[in-house]
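Read the structure below first, then the notes.
Chains as they are written, first to last, in this note's numbering: chain A, 4 to 300; chain B, 4 to 300.
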């Protein structure tokens, strides 16, 4: 028989990763309604917003307001790509901060204008400082399988970078198949290795459904012992390098599959649909997750 | 490590299962172009058409013409729901005939106005007769996991019906998750049991992508030792009881995932896209498979 966990944790990334990739600016009020409804649906960990330059990412220009009204859940995470963002997050009293780096040099340079090693070296003392302040630190490891510029990323490069971040003191690694190219075999292989080598860090898998493999990859990761998944309500988000492609795996499709397999997610699907209903009318794209579509018939 | 097969067989069901569910009648000439292009892409087994009443299923009214121009591939399959259809298929010299039955009584009655047991008893002597004529017999076992009317189908009911058909002499069982509700756990469980109990029949898994679980279910079935999959180019088809929902799992998404995992399918993806291009303009729906969409960017 298959060995699967009894219970998993969902880290909802819709308000940050999802809306950051939306064409239109979503009104702050709508975002807050969305976040509150997600909380009512049972979401306990959430990426709320990102402290990035409003010049480059106008979608996140209301980060301070979002943080000020943050819901009362187990873990509100804010993304901060650099020193400046981290300082803003700290000033506003954030307790959980996500940093990010791409395993692929080319991708990292395109994103934050630094090599992967430069990012790592810059982040090491910052992570140490955050840990001294008892801040929960999540490291988002992007292009962990494939890079839109360099193609296949070697598993050993990803493992090495993950080990560096764990050595630097992070609490969680969110390991991402940024362009939705990983296969279930690759998911099983990488996550099995990570589980074995890094038993003392929270390991989270982050999949995109660009090629419809996201649920298969999650099923493979479960078999590798992973019990934390980044998902996005309505499947919001995506990769700017694959425009129009499906984005993050939809929270509702993941919750449906896992609950149906007897794995507890703590999330109420009806209330999750209500949360998506609040945001759906202002989006530039149609929600195309299986569960949401069927719920409207 | 995961144990996966090195090579699998695709049974293309687009021309029959796919087009039968299309709103518009697809011109015979277009169907034949589609079938020929699928053959060029490497398809070796295909459900070509169905000998059903043109009154009920006008989409298949050109069954005789389709059969007359059948491609030179390993196995051309025609579906025949009853004595009359089977006689027509035999007259036209068909070598492979598919019969079908639902595990669910309610579903079977709705489809062919007979109980499951009535269908089985009627088919037994027909299968014996076909085997005497050296005809390849495929049994399509629908609602093997869930029924749109009765809900969950017990695994033992499905196993029992499959055993009856094998005892009756069929060469292949195509075991279907007709409404796309099976989970990977259920896929693994049923196909493991079938493999164990019925080692001397061709076992084929047939999944629908209604809830985005089709590739996960295929990945689970692979782990159960299944190496034959029904798929539909462009994801054509679907279930009349879930209108607008995604249909059969798309051949191109399955081939992409399997080839990427090093499993030989014998199918050329570029040529498969060309085949879909021939049919796409006349369809009432948009092709929404991951691979096809990405191929157009």
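For glycine and all other residues, C-beta sits at the position ideal for the given N, C-alpha and C.
Rounded straight-line distance, which links the Cα of residue j to that of residue i
i, j, result
"residue 181 of chain B", "residue 13 of chain B", "18 Å"
"residue 197 of chain B", "residue 160 of chain A", "41 Å"
"residue 205 of chain B", "residue 251 of chain B", "20 Å"
"residue 23 of chain A", "residue 232 of chain B", "39 Å"
"residue 119 of chain B", "residue 74 of chain B", "33 Å"
"residue 168 of chain B", "residue 139 of chain B", "13 Å"
"residue 45 of chain B", "residue 34 of chain B", "17 Å"
"residue 263 of chain A", "residue 238 of chain A", "19 Å"
"residue 246 of chain B", "residue 20 of chain B", "Any answer about residue 246 of chain B is weak, because its pLDDT of 49 lies below 50 and its placement is not dependable; what the coordinates show is given next. Computed Cα separation, rounded: 15 Å."
"residue 217 of chain A", "residue 103 of chain A", "21 Å"
"residue 54 of chain A", "residue 61 of chain A", "11 Å"
"residue 26 of chain B", "residue 70 of chain B", "22 Å"
"residue 166 of chain A", "residue 193 of chain A", "13 Å"
"residue 98 of chain B", "residue 223 of chain B", "32 Å"
"residue 105 of chain B", "residue 145 of chain B", "4 Å"
"residue 277 of chain A", "residue 41 of chain A", "9 Å"
"residue 91 of chain A", "residue 209 of chain A", "26 Å"
"residue 81 of chain B", "residue 296 of chain A", "33 Å"
"residue 282 of chain A", "residue 17 of chain A", "10 Å"
"residue 108 of chain B", "residue 122 of chain B", "10 Å"
"residue 230 of chain B", "residue 291 of chain A", "30 Å"
"residue 221 of chain A", "residue 254 of chain B", "21 Å"
"residue 50 of chain B", "residue 79 of chain B", "6 Å"
"residue 1 of chain A", "residue 152 of chain A", "The structure shown does not extend to residue 1 of chain A, since chain A is modelled only from 4 to 300, so the question has no answer here."
"residue 36 of chain B", "residue 52 of chain B", "14 Å"
"residue 280 of chain B", "residue 300 of chain B", "14 Å"
Chain-ordered neighbours of residue i on chain A, where CB pairs are closer than 7 Å
i, result
"residue 236 of chain B", "Here the premise fails: no neighbours, minimum Cβ distance about 15 Å."
"residue 263 of chain B", "186"
Per-residue contacts from residue i into chain A (C-beta, under 9 Å)
i, result
"residue 9 of chain B", "Within chain A, no residue comes near residue 9 of chain B; the closest Cβ sits about 13 Å away, beyond 9 Å."
"residue 256 of chain B", "214, 215, 216"
"residue 293 of chain B", "183, 212, 213, 214, 215, 216, 248, 249"
"residue 103 of chain B", "Within chain A, no residue comes near residue 103 of chain B; the closest Cβ sits about 25 Å away, beyond 9 Å."
Local Cβ density within 10 Å of residue i, reported as buried at 16 or more and exposed below that
i, result
"residue 184 of chain A", "buried"
"residue 211 of chain B", "buried"
"residue 131 of chain B", "exposed"
"residue 154 of chain A", "exposed"
"residue 187 of chain B", "buried"
"residue 48 of chain B", "buried"
"residue 148 of chain A", "buried"
"residue 4 of chain A", "exposed"
"residue 202 of chain A", "exposed"
"residue 141 of chain A", "buried"
"residue 163 of chain B", "exposed"
"residue 214 of chain A", "buried"
"residue 170 of chain A", "exposed"
"residue 77 of chain A", "exposed"
"residue 137 of chain A", "exposed"
"residue 287 of chain B", "exposed"
"residue 6 of chain B", "exposed"
"residue 94 of chain B", "exposed"
"residue 96 of chain A", "exposed"
Range of the contiguous beta strand (DSSP E) that encloses residue i
i, result
"residue 185 of chain A", "Here residue 185 of chain A belongs to no beta strand (DSSP E), and DSSP marks it neither H nor E."
"residue 230 of chain B", "Looking at the DSSP string, residue 230 of chain B is not in any beta strand (DSSP E), and its letter there is neither H nor E."
"residue 208 of chain A", "205 to 210"
"residue 144 of chain B", "139 to 145"
Contacts of residue i in chain C (Cβ-Cβ under 9 Å)
i, result
"residue 191 of chain A", "Of the chains in the structure shown, none is chain C; the protein chains are A and B."
Residue i CB to nearest heavy atom of the ligand GTP below 7 Å
i, result
"residue 255 of chain A", "With respect to the ligand GTP, the structure offers nothing, as it holds no ligand at all."
Residue range of the alpha helix (DSSP H) that includes residue i
i, result
"residue 16 of chain A", "No alpha helix (DSSP H) holds residue 16 of chain A; DSSP gives it neither H nor E."
"residue 168 of chain B", "158 to 171"
"residue 107 of chain A", "Looking at the DSSP string, residue 107 of chain A is not in any alpha helix (DSSP H), and its letter there is neither H nor E."
"residue 91 of chain A", "86 to 94"
"residue 2 of chain A", "Only positions 4 to 300 of chain A appear in this structure, which leaves residue 2 of chain A out of reach."
Residue i: contacting residues in chain B (beta-carbon distance under 8 Å)
i, result
"residue 92 of chain A", "Within chain B, no residue comes near residue 92 of chain A; the closest Cβ sits about 34 Å away, beyond 8 Å."
Within chain A, partners of residue i - CB distance below 8 Å
i, result
"residue 259 of chain B", "214"
"residue 222 of chain B", "187, 219, 222, 223"
Practice problem: Return the chain-ordered ranges of every alpha helix (DSSP H) run that is complete within the stretch 36 to 84 of chain B and spans a minimum of 4 residues. | Solution: 66 to 71
Exercise. Counting only runs of 4+ residues fully inside the stretch 241 to 294 of chain B, write out the alpha helix (DSSP H) ranges in chain order.
Key: 254 to 263, 272 to 282
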